[in-house]
Amino acid sequence: MIAFLLRRTAFLALTVLLASMLVFAVTNLLPGDPARILLGREAGPAALAEVRAELGLDRPVPVRYATWLAGAVRGDWGDSFATGDPIGGLLAERLGNSLRLAGVTLVFAVPLAVLLGVVAAVQAGRWPDAVVSLSSLAVVGLPEFVTGIVLIQVFAFGLGWFPANASIPPGTPFLEALPSLVLPAATATLVMLAYVARLTRASVLEELRRPYLRTALLKGVPRRTVLRRHALRNALLPTITVVAISVGWLISGLIVVENVFNYPGLGRLLTFAIDRRDLPLLQAVTLVAVVVFALANLVADVLYAWLDPRIRLA
Amino acid sequence: MSAGLSLRDVTVAYGDVDVLHAASLDVAPGETVGLVGESGSGKSTLALAALRALPPGGVVRRGRITLGGDDLRAMDAASLRALWRHRVRFVPQDPLPSMNPALPVGVQVAEALDPLQPRRADVREIDAMLDAVGLPDPERVRRRYPFELSGGQQQRVLIAMALLGRPDLLVMDEPTTNLDVTTEAAILELVRERVRGGTTAVLYVSHSLGVVAALCDRVEVLYAGYGVERAPVDDLYHRPVHPYTVGLLDAVPDLARGKGHAPLRPIPGRLPDPGETDGGCVFAPRCPVAEPTCRTTSPPLAAVAPGHDVACLRADAIRAGDVSPRQPAPDVPDGPTSPHGTSLHAEGLTATFAARARLVDRLRGRARPRLQALRGVNLHVPAGRTLGLVGESGSGKSTFARAAVGLETPDAGTVTLDRTPLPARLRDRPRDLLARLQMVFQSSDEALHPLRTVGATLRRPLRRLAGVPPADLDAAVADLLASVALTPDYAERTPPELSGGERQRVAIARAFASDPEVLLLDESVSGLDVSVQASVLNLLDDLQRARGASYLFIGHDLAVVAHLADEVAVLYLGAVAEAGPTDALLAPPFHPYTEALLASVPRPDPDATPARPPLEGDLPSPQDVPAGCPFATRCPRVLGPVCHDERPPERWSDDGLHRIRCHIPRADLAAEQADLDLREAP
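Line order of the protein sequences matches chains A and B. Just so it is clear: in the first sequence, position 194 is 244 by my numbering, and no numbers are missing. Just so it is clear: in the second sequence, position 49 is 70 by my numbering, and no numbers are missing.
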C-alpha cells in the first residue's frame, strides 16, 4: 500500500511536470507578442524591446520556462498583464471560492445521487426506477446554461429566494456567501446527478446479482441489512471513484456555470484571462487546473485501493 | 407427515418454461441423499426450490414442499427469514463469489449465528466451529478476507457457516466441483465426519457419480427435469436399471479401467431443451432400448425393489435381463496407434516469474521473490502416443504446456520436436513449426472468438498454416468438421450457438487444421458433462489413430488422464514426482504424492472407500519451495530431516521406464503400498 502511494505520487509529479511544459509551450506558441498586447498597437520598437527585456522575453525559451516553473513552485506567479496585481493572491482567492462551490455541490449532489441510484436499483423495473431513470436522462441532456437560466428564472426572479448574481466580493465569510452559492451549486448538481445516479444504479444492480448476497440472505439476514452491509459497500466503489474525479471538474471546470451566475471562481478567472490575453494568468490558471485534476485522480485511486481489501492487501 | 424434507410433485418454471417436472424427493433427518444429473437436469433448481431460494424468475408452479411438516410454499417473508436463519443452510458451488469480498471472514461467519449483529456473536462458538472444519488458528482466519484464503479454506469457511446454525436441512450444491482432488477428498471427509450420525437431513447435489457414491445413503438421478431413478446407493451402482443411469456409469472413466481395456460408451444425441418434450419418455430419443410406446407414454417412477424406483417402461425387461440398457460400445479399430509420428522432448525446463515484492524488502536490497513455476522438468511425449500430465492447481502443468508451445519463455531448458530444437519465443518460431505443434485450451467459450463463425475460425489456420488454396477452403472446413463428428452446416454458426461439447469439438478441429504432429491439450475436457466428456475422449482417441498425432494431455482428473494416456507424469510444485507407463503408475511403488492423489480420486463405486486419510495442508507457495523434497511438508511417509533438507534422487525401475523422485527406496514403497493396486485384473 505504501509502495502504491509512493508510486502514484511520483506519477502525479511527473504528470504535472509534463503538463507544465505543455502549458508553457502552448501559451508561448500562441499568436501575439505579449509586449504588444501590453503596450497596444501604436507602441514603437524601442518601447517594445524595453518591455520584452523587462518581462525577460529576450531570453531563450528553456531559461524562461525554468524561471517560470521555479517561481510557480515558490508561489510567485508574476503579475497579471490585465490588472497588474500579483497572480498568486488572485489565484488563492478564486481557488478558495471554487472550493466552496465544489464543497456545497458535493453535499447536495452525492447523497441525492446515491439515494436515487439505490432506490432505482432496488425498485428496478418498477415505477420509481422509471421516474429516476427518465428524469435523470432528461436532465443530463440539458446543457448547464439552460438549467442555470431556468433555475434563475424560477428561484431568483420568480420566487426571489436566492440571488441571480453570485458575484460575491473577496473575503466574504462562508455563511454570508452561502445564499449566492445555492443556485450555481444546484446547476452543477443537476449536471452530476444523472451520471452518478445511473452509475450507482448499475453497480448496485450488478452487486444484487452476486452469489454472496444469496449467501447472506440464506443466513437469515434481513433484506435491508443485506443491502446496507453487503451490497452497498461494494456497489459504491465505482461511485466513489467517479465522485472523486468529478471534484476536479467541480473545482476548475465549472466555466459555463460560473459565467452564467457571474461567480468568481477559477472557471471565471480562466475566461477572463483568455478575454484579456493575459498570458501569465492563463498559464497559472491552467496549471492549477492540471494540479487539481491530477490530485483528484490520485485521491480516487487511493480511495478505491483503500476501500477494496483485494487491492489494499495484495 | 415426514420429519425431514419432503417434495411432492414439484414443478418449477422459469418464465413459461417448466424446467422441473413433478419431482418428488424425501430426505429423512440424519440421511444424506445425492442428487445427480448433468447440466440442464434441473438438480440445482430442485435444490434451491427446497430452500425456497429460487433465483428471480423461478416459480414453483405446483406441488408441495415441506420441512418437518411445515409447508414452505405457504410461508410469508418473515417466516421464510426465520426458516433460513434457523432451519436450513446452503453450501454453494463456488466459495469465493459466495462470500463478500469486502468483509472479513469472521463477520460473515458470525452472521450465521447472529444475522442482525454479527459483531456481537459468540466468538468462542465461531472459533470452535472453524477449528472443527479443519481451519487451525481460527483467530487468524477470522481476520482474513475471503480472497486471502485458498479454495479449500474458503469452502471450509462456508461449511462452517452452514453447520453453525445446526440446521434441520443442509443443501450442498457441488461444493467440491472446482477444487483439487486432494482438497475435494479432505472436504468430503469433513462432510462425512460432521454430518454422519447427526439429525441433519443432507441433500447433496453433484454431477459426479464418484463423489455421490462416497458420501450418500440414497441417490436420485435427474434427467432433463425428470426424476428417472431413485435407489439406495448400493443398488444404484451395482444394479442400475434406467438406461440413463447405466449410460452415465458407463461414460465415467474409472481408474480401474485403463486405456485399451474398456472404451467409454458415450450417450448419443443431446439433452432436449426445456419445453421440448412431446409427451413420451424424455430419454427415449437417446435410449438404446426404447420402443414405440416409449415415445408416446411418459413413465411414472415405479418401485422395482424396496426403495428402488425407476421411471422406465422397460424396467422389468431390463431387470429380467431380456434387453441390455447399455449403449453400444463404440467401434475401436484394432491394433496399437501408429508407431510413426513425432515426439516432443523437454529437457531441464525451468520457468520463474517475478512475484510482487514488498517495498520494505526492496529497500533493504533483498532480491525480488521469484515464483518457481517449473524447476528443471524433463518430459517426453512419445511419438504417436499420449503423455498424461497431472497435478494440483499450481503444480506447473499449464506453464509447461505454455512454455512448450511458446506462450511463456522459460529461463532455461530446451524443447525439441523430434530432433528440431524449438526457439523459446513464439515470434522466433517459423510458421511451419507453429503448424506442427498446436494447443487446445481449457475453456472453449473463451478460446473461440464469440462473433466469428466456426467456418471463419477454421479457415484461418487452414489457409495460413496448412496452405490450403482459397478455392478448397470450404471443402477443407467440411472435412475438418466431419473429423470431429459435426455436420458442414456448423461452419455458419458462432460459438454462443453451440453447446459446450460442440464448442470443444470446434476447438479441437481448429487445432487439427494445420495437421499438427504434436497436440497439447490443457484440461480440454474438464468443463464437460460426463456423457459429453466420454464422446470427446473417444474422439481424441480416434483422431490419434487416424492422424498419428502425439498428445500431451493435461488434466486434474487422474481417472480421465489414465484412460487416455499411454504414459503419465505427476507434477508437484514444478517438478516431476513420478513418471512412467500408465500401468506402472497405477501399481505400487508409488511416489507418496501419487499415492495420495490416487487415494483421493472419488470412484463411481460405493465399495471403493478411500484407504488413506486425505492429505493435510495446502500446496506450499511456489515462491517458497522447500529445500529438500517439495512434498516433504505434506508427505505422510516422510522419513525425517533428510526429506526436508536433501533433494531426493530419481529412482528408476529395472526396465528403465518408470521413475520416482523419493528418498524411500522403491522396494520399501512397494511393500508399504501393496494394498493400493489399481490395475485392472487381467
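For glycine and all other residues, C-beta sits at the position ideal for the given N, C-alpha and C. Note that the coordinates shown come from a computational prediction; the quantities given were computed from them, not determined experimentally.
Between B/Val581 and B/Pro351, how many whole angstroms is the CB-CB distance? I'm expecting something under 8 Å. Counting from 1 along the second sequence, the entry for residue 581 of chain B is found at position 560. Counting from 1 along the second sequence, the entry for residue 351 of chain B is found at position 330. Actually they are not in contact, since the Cβ atoms of B/Val581 and B/Pro351 sit about 17 Å apart, beyond 8 Å.
Thinking C-beta only, is B/Ser62 closer than 8 Å to B/Leu243? What you label residue 243 of chain B is simply residue 222 of the second sequence in a count that begins at 1. What you label residue 62 of chain B is simply residue 41 of the second sequence in a count that begins at 1. Yes, they are a contact pair.
May I ask which residues mark the beginning and end of the beta strand (DSSP E) holding B/Gly268? The residue labelled residue 268 of chain B in the question sits at position 247 within the second sequence. Not the beta strand (DSSP E): B/Gly268 falls in the alpha helix (DSSP H), residues Pro264 to Ala272.
Reference B/Asp91; option with closest CA among B/Ala24, B/Ala570 and B/Ala153: In the second sequence, counting from the first residue as 1, residue 91 of chain B sits at position 70. If we check each option's Cα against that of B/Asp91, B/Ala24 comes out closest.
Report, in whole angstroms, the separation of the C-beta atoms of B/Met120 and B/Gln175, which I expect to be a contact under 8 Å. Walking along the second sequence from the start, residue 120 of chain B turns up at place 99. Walking along the second sequence from the start, residue 175 of chain B turns up at place 154. So it is a contact: roughly 7 Å between Cβ atoms.
Once you ignore the five residues that flank A/Asn284 on each side, which residues in its own chain have a CB closer than 6 Å to its CB? Within the first sequence, residue 284 of chain A is the residue found at index 234, counting from 1. Once the five neighbours on either side are set aside, the close Cβ partners of A/Asn284 are Glu257.
Inter-residue spacing [alpha-carbon to alpha-carbon] between B/Pro627 and B/Cys237: Numbered from its first residue, the second sequence carries residue 627 of chain B at position 606. Numbered from its first residue, the second sequence carries residue 237 of chain B at position 216. Taking the straight line from one Cα to the other gives about 9 Å.
By DSSP, does B/Arg396 sit in helix, in strand, or in coil? Counted from its first residue, the second sequence places residue 396 of chain B at position 375. It is a strand residue.
Can you tell me the Cα-Cα spacing of B/Glu671 and B/Leu697, whole angstroms? On the second sequence, position 650 is the one that residue 671 of chain B refers to. On the second sequence, position 676 is the one that residue 697 of chain B refers to. Approximately 22 Å, taken between the alpha carbons.
Over what stretch of residues does the alpha helix (DSSP H) that includes A/Gln203 continue unbroken? The residue labelled residue 203 of chain A in the question sits at position 153 within the first sequence. A/Gln203 -> no alpha helix (DSSP H), and no H or E assigned at all.
Quick one, are the C-beta atoms of B/Gly257 and B/Ala272 less than 8 Å apart? Your numbering for residue 257 of chain B matches position 236 in the second sequence. Your numbering for residue 272 of chain B matches position 251 in the second sequence. According to the sequence provided, residue 257 of chain B is Leu. The question's Gly does not apply to it. Remark: C-beta atoms of B/Leu257 and B/Ala272 do not approach each other more closely than 8 Å.
In this structure, how does DSSP classify B/Tyr166 when only helix, strand and coil are distinguished? Counting from 1 along the second sequence, the entry for residue 166 of chain B is found at position 145. Coil at B/Tyr166, not helix or strand.
Check whether the segment 217-227 of chain B and the segment 151-166 of chain B touch, using three or more Cβ-Cβ pairs below 8 Å as the test. no
Endpoints, the alpha helix (DSSP H) within which A/Pro272 is located: As a position in the first sequence, residue 272 of chain A is number 222, starting the count at 1. Looking at the DSSP string, A/Pro272 is not in any alpha helix (DSSP H), and its letter there is neither H nor E.
Below 8 Å between beta carbons: does that hold for B/Val402 and B/Ser364? Residue 402 of chain B sits at position 381 when you count from the first residue of the second sequence. Residue 364 of chain B sits at position 343 when you count from the first residue of the second sequence. The answer is yes: Cβ separation under 8 Å.
Whole-angstrom distance between B/Pro623 and B/Val232, CA atom to CA atom: The sequence position of residue 232 of chain B within the second sequence is 211, counting from 1. The sequence position of residue 623 of chain B within the second sequence is 602, counting from 1. Rounded to whole angstroms, B/Val232 to B/Pro623 spans 5 Å at the Cα level.
Along chain B, which residues have their Cβ under 7 Å away from the Cβ of A/Thr77? Numbered from its first residue, the first sequence carries residue 77 of chain A at position 27. By Cβ distance, chain B contributes nothing, its closest Cβ being about 39 Å from A/Thr77, past 7 Å.
Quick check: is the beta carbon of A/Tyr262 nearer than 8 Å to any beta carbon in chain B? One-based indexing of the first sequence puts residue 262 of chain A at position 212. Yes, contact with chain B.
Any Cβ of chain A within less than 8 Å of the Cβ of B/Asn399? For the purposes of this step, residue 399 of chain B is taken as the residue at position 378 of the second sequence. No, because no Cβ of chain A sits closer than 8 Å to the Cβ of B/Asn399.
Compare the beta carbon distance of B/Ala532 and B/Gln459 with 8 Å and say whether it is the shorter of the two. In the second sequence, residue 532 of chain B corresponds to position 511, counting from 1. In the second sequence, residue 459 of chain B corresponds to position 438, counting from 1. Yes. Within cutoff.
Give me the chain A residues within the contact set of B/Arg102, using Cβ-Cβ distance strictly less than 7 Å, ordered along the chain. By one-based count along the second sequence, residue 102 of chain B stands at place 81. Ordered by position in chain A, the residues that pass the 7 Å Cβ test against B/Arg102 are Gly270 and Pro272.
Would you please state the rounded distance, in angstroms, between the beta carbons of B/Gly362 and B/Glu538? I believe it to be under 8 Å. Position 341 of the second sequence, counted from the first residue, corresponds to residue 362 of chain B. Position 517 of the second sequence, counted from the first residue, corresponds to residue 538 of chain B. That belief holds up - the Cβ atoms of B/Gly362 and B/Glu538 are roughly 6 Å apart, short of 8 Å.
Which residues of chain A have a Cβ atom closer than 8 Å to the Cβ of B/Asp115, listed in chain order? Here residue 115 of chain B corresponds to residue number 94 of the second sequence, with the count starting at 1. Chain A residues near B/Asp115: Pro261.
Rank B/Leu104, B/Leu276, B/Val267 and B/Pro349 by C-alpha distance to the C-alpha of A/Leu267 and give the top, closest one. Counting from 1 along the first sequence, the entry for residue 267 of chain A is found at position 217. Of the candidates B/Leu104, B/Leu276, B/Val267 and B/Pro349, the one whose C-alpha sits nearest the C-alpha of A/Leu267 is B/Leu104.
Contiguous alpha helix (DSSP H) assignments of at least 4 residues, all confined to the segment 161-216 of chain B: 172-185 and 202-216
Which residue comes first and which comes last in the beta strand (DSSP E) that contains B/Thr373? Counted from its first residue, the second sequence places residue 373 of chain B at position 352. Segment Leu365 to Ala375, the beta strand (DSSP E) holding B/Thr373.
Taking the CB atoms as reference points, tell me whether A/Leu67 and A/Arg86 lie closer together than 8 Å. Within the first sequence, numbered from 1, the residue matching residue 67 of chain A stands at position 17. Within the first sequence, numbered from 1, the residue matching residue 86 of chain A stands at position 36. Not a contact, by the Cβ cut-off of 8 Å.
Classify A/Trp118 as buried or exposed, calling it buried when 16 or more other Cβ atoms lie within 10 Å of its own Cβ. Taking the first sequence and counting its residues from 1, the one referred to as residue 118 of chain A is at position 68. It is buried - the Cβ of A/Trp118 has at least 16 other Cβ atoms within 10 Å.
How would you list, in chain order, the residues of chain A whose beta-carbon sits under 8 Å from the beta-carbon of B/Leu72? Working through the second sequence from its first residue, we reach residue 72 of chain B at position 51. Within 8 Å Cβ-Cβ: Leu268.
Rounded to whole angstroms, what's the CA-CA distance from B/Val40 to B/Pro634? Just pull it up for me. Taking the first residue of the second sequence as position 1, residue 40 of chain B is located at position 19. Taking the first residue of the second sequence as position 1, residue 634 of chain B is located at position 613. So the alpha carbons of these two residues sit roughly 40 Å apart.
At a cut of 8 Å, does the segment 590-601 of chain B reach the segment 640-655 of chain B through at least three beta carbon pairs? yes
Cβ of A/Asn309 within 8 Å of any chain B Cβ: Translated into positions along the first sequence, residue 309 of chain A becomes position 259. It does not: the Cβ of A/Asn309 has no partner Cβ on chain B nearer than 8 Å.
Using a C-beta to C-beta distance shorter than 9 Å, which residues of chain A count as neighbours of B/Ala95? As a first step, residue 95 of chain B is located in the second sequence; it is residue number 74 there, counting from the start. Ordered by position in chain A, no residue passes the 9 Å Cβ test against B/Ala95, which lies about 18 Å from the chain.
Leaving out five residues before and five after B/Gly78 in sequence, what residues of the same chain have Cβ atoms less than 6 Å from its Cβ? Walking along the second sequence from the start, residue 78 of chain B turns up at place 57. Here the set comprises Tyr35.
Counting C-beta neighbours from all protein chains within 10 Å, is the total for B/Pro703 16 or more, i.e. buried, or is it exposed? Translated into positions along the second sequence, residue 703 of chain B becomes position 682. In this prediction, B/Pro703 scores a pLDDT of 42, lower than 50, which makes its location untrustworthy; no coordinate-derived value is stated.
With a CB to CB cut of under 6 Å and the five nearest residues on each side skipped, what residues in its chain are close to B/Gly246? Here residue 246 of chain B corresponds to residue number 225 of the second sequence, with the count starting at 1. Val40, Leu41, His42 and Gly63.
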